[in-house]
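Quick note: the sequence shown uses this note's numbering, first residue 1121, plus one each step. Ideal placement from N, C-alpha and C gives every residue a C-beta, glycine not left out.
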Amino acid sequence: MNKYEALNCPIQSFGGETLQKKYRVYNDLKNDVRDVNIEEVYKLPNLSQVDKAPSNFIEAIINDDLKTGKYGNRVHTRFPPEPNGYLHIGHAKSICLNFGIAKAYNGLCNLRFDDTNPTKEDVEYVKSIMEDVKWLGFDWEDRLYYASDYFEELYQYAIKLIELGKAYVCDLSPEEVREYRGTLTEPGKESPYRNRSVEENLDLFQRMKNGEFPDGSRTLRARIDMASPNLNMRDPIIYRIQRSIHHRTGDTWCIYPMYDFAHPLSDALEGITHSICTLEFEDHRPLYDWFLDTLQVDCHSTQIEFARLNLSYTVMSKRKLRELVENGHVAGWDDPRMPTISGLRRRGYTPESIRDFCERIGVAKSNSMVDIALLEHCIREDLNKKAPRVMAVLKPLKVVIDNYPEGQVEWLDATINPEKPELGSRKVPFSKVVYIEREDFQESPPKNFHRLSPGKEVRLQHAYYIKCVDVIKDEETGEIVEIHCTYDPETKGGWSTDGRKVKGTSHWVSASHALKAEVRLYDNLFIKEDPEDVEEGQSFLDNLAPNSLTVLRNCLVEPILKNAKPGERFQFLRQGYFCLDKDSDEDNLIFNRIVGLKDTWAKIQKAKLQDK
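Laid out in structure tokens, this is it:
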């Protein structure tokens, strides 16, 4: 059913008597610019969501709008990224919020690319953004739009502003525009071109579109109030001349709309009811409303601002992230140290953990810093429930078990995940020569060291008790190269029959079965909680951590990992959670550390509860 058929059809076509009783029919369709699926548009809002107490101030606004029928009882949001870089976790918060609200209210959410600045945009970014939204678990269905879809409509809206005497072509240079704009304490000055006639402005704007003038020589500005206390209302630029090849429209246009002009009108053209954006756009809201009111559009969206996500030990500016990439401080947009969604995905974060994180931090009206430990806590909680356990030795030390039969191999049972007993067990090979973690042995241990040392016993996970009887060192360097032990065959499975207790447990791998692997240990990219905290003359780059990546190339892992696929996640016992990197192949396994096992956030929360 298209919009024209819908206008003449009976109310029963929109859901019948129930809908007629509960809701008014939305009557703005006659002015919509495109055909719509009426059955989709007229989904009933989730009444239980409306009736329950709102979980944040945005839901409170939407609930009030639904109760008053402000938008014909519709909820329609959008996620409008600029395709000028990769999305980061701050965008994930916005994605979860916009798509989540639409889902909660049986509404719709569009994906719309704000592609109004072709000099910085690329198809690569478009593809990455679509992949990120899908990976997070959200679906825009058939509602994929671009601001460039509306270039002709936006141009016609600009002409209407000129005809209303609300826009004019200005010849001031960018520097002069800034000079005339004024300050927070002083009003601006009117442009000498502000009072051009409607006819002259229409002619000049047409010639701007036709490419008759050089880039930057003229702009189209809204005619509002140069004395406004809000600088955004002081005759803002709404079109500029810019000869650039657009990734979708090619060289069709040489003038492009500014974001503040394109955004509210794109919202209106799509029938967006609630335009949810971050707090820095709060001062732009009067301009948003001015365009919609002046042009008398049929769907006047409500702009709502919420606090953007600031995450400790990282930066959340696409410009700064691009600087990290282009100057070689990281290996690319998907470097696992980056806060980009693609970087987090490559590192091994799950979409469930990121959605959980976004839900936990909630929606606020004021900016604040979120501790990165909370994000790490979310991925630990998620992977603790689902990640298979394996043994990996990152810094191997050779152990020869002297009394173990030569050539014998036992396949021992090891739990896949104690949180999910239904997954059963895996088989781990045990032989005469194994490797343990180098830090699990000390020749002269301090007090309370419960690992292996001369004359002492330790439990090998899932295997046997072993006791150190000899230490072999390199004659030149004095470095320990191997240790010799004996094992107790009565302790199979790691438990003794005589009741003696062993405090220490070490993970291990069989020397003849282990696979070689490279392990990349990632840490915070910056040394300060706020990378912008710098002395005069410095930049955030001065706070880059020198050891944010450590590469270990002689690691050994269980043979079961031979069949691992890129992106699969595992808990390396006593080490942390790891993910097989996309650069891996069967001859070169590469694992990224997602996060260690130590959960500082959980400890902080426990301490707070104890204080109460």
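Problem - Assigned exposure category for residue 1410 - 16 Cβ within 10 Å defines buried - result: buried
Exercise for the section: Whole angstroms is fine: what's the gap from residue 1669's alpha carbon to residue 1641's? Expected result: 6 Å
Exercise for the section: Output yes or no for whether 8 Å exceeds the beta carbon distance between residue 1186 and residue 1249. Expected result: no
Practice task
Drop a sphere of 10 angstroms on the beta-carbon of residue 1353, count the other beta-carbons inside from all chains shown, and report buried for 16 or more, exposed for fewer.
Solution key: buried
Handout entry: N-terminal and C-terminal residue of the beta strand (DSSP E) that residue 1533 is part of
Key = Run containing residue 1533: 1530-1535, per the beta strand (DSSP E) assignment.
Practice task
Would you kindly report the start and end of the unbroken alpha helix (DSSP H) that includes residue 1321?
Solution key: Where residue 1321 is concerned, the enclosing alpha helix (DSSP H) stretches over 1318-1329.
Practice task
Under the assumption that residue 1385 contacts residue 1277 (Cβ atoms under 8 Å), give the Cβ distance between them as a whole number of angstroms.
Solution key: 6 Å
Practice task
Write down the C-beta distance between residue 1194 and residue 1390 rounded to the nearest angstrom, noting that I regard them as a contact closer than 8 Å.
Solution key: Going by Cβ atoms, the distance from residue 1194 to residue 1390 rounds to 12 Å, so no, they are not a contact pair.
Problem - Cβ-based burial, residue 1456 [other Cβ within 10 Å; buried from 16] - result: buried
Problem - Segments of 3+ residues assigned as beta strand (DSSP E) that fall wholly inside the stretch 1558-1604 - result: 1577-1580, 1585-1593
Practice task
Give me whichever residues DSSP pairs with residue 1556 in a beta bridge.
Solution key: 1517, 1628
Exercise for the section: Output yes or no for whether 8 Å exceeds the beta carbon distance between residue 1343 and residue 1285. Expected result: yes
Exercise for the section: Hey, could you find the ends of the beta strand (DSSP E) residue 1636 is sitting in? Expected result: 1635-1642
Problem - As assigned by DSSP and simplified to three states, the class of residue 1606 - result: strand
Handout entry: Three or more C-beta pairs below 8 Å linking the stretch 1507-1517 and the stretch 1470-1486
Key = By the Cβ rule, the stretch 1507-1517 does not count as touching the stretch 1470-1486, because fewer than three pairs are nearer than 8 Å.
Practice task
Assuming residue 1498 and residue 1476 form a contact by the criterion Cβ under 8 Å, report the distance between their Cβ atoms to the nearest whole angstrom.
Solution key: 5 Å
Exercise for the section: Locate the beta strand (DSSP E) running through residue 1692, then write down its first and last residues. Expected result: 1689-1692
Practice task
Mind checking who residue 1506 pairs with in its DSSP beta bridge?
Solution key: DSSP, once it has assigned bridges, lists no residue as partnering residue 1506.
Problem - Check whether residue 1399 and residue 1490 have beta carbons under 8 Å apart - result: Between residue 1399 and residue 1490, the CB-CB gap reaches or exceeds 8 Å.
Handout entry: Nearest-angstrom Cα separation, counted from residue 1236 out to residue 1329
Key = 15 Å
Handout entry: For residue 1182 and residue 1394, believed in contact at Cβ under 8 Å, the rounded distance
Key = 6 Å
Practice task
Kindly indicate which three-state DSSP category residue 1547 falls into: helix, strand or coil?
Solution key: If DSSP states are grouped into helix, strand and coil, residue 1547 belongs with the strands.
Exercise for the section: May I have the straight-line CA-CA distance separating residue 1177 from residue 1348, to the nearest angstrom? Expected result: 29 Å
Handout entry: beta strand (DSSP E) runs wholly inside the stretch 1426-1455, at least 3 long, in chain order
Key = If only uninterrupted beta strand (DSSP E) runs of at least 3 residues are considered, none is enclosed by the stretch 1426-1455.
Problem - Element boundaries [beta strand (DSSP E), containing residue 1208] - result: Note, residue 1208: premise wrong, no beta strand (DSSP E); not H, not E.
Problem - Residue closest to residue 1345, alpha-carbon to alpha-carbon, out of 1308, 1557, 1273 - result: 1308
Handout entry: residue 1539 versus residue 1229: straight-line alpha-carbon distance, rounded
Key = 36 Å
Practice task
Starting from the C-beta of residue 1592, find all residues in its chain whose C-beta is less than 8 Å away, skip the five residues before and the five after it, and write them out in chain order.
Solution key: 1600, 1601, 1602, 1603, 1604
Problem - Neighbourhood of residue 1492 by C-beta, 6 Å cutoff - its chain only, sequence neighbours within 5 removed - result: 1431, 1432, 1433
Handout entry: Buried or exposed by the 16-neighbour rule on C-beta atoms within 10 Å, applied to residue 1318
Key = Under this definition residue 1318 is an exposed residue.
Handout entry: Run of the beta strand (DSSP E) containing residue 1712, from where it starts to where it stops
Key = Segment 1709-1715, the beta strand (DSSP E) holding residue 1712.
Practice task
Could you work out which residue in 1530, 1473, 1511 is closest to residue 1502 when comparing CA atoms only?
Solution key: 1473
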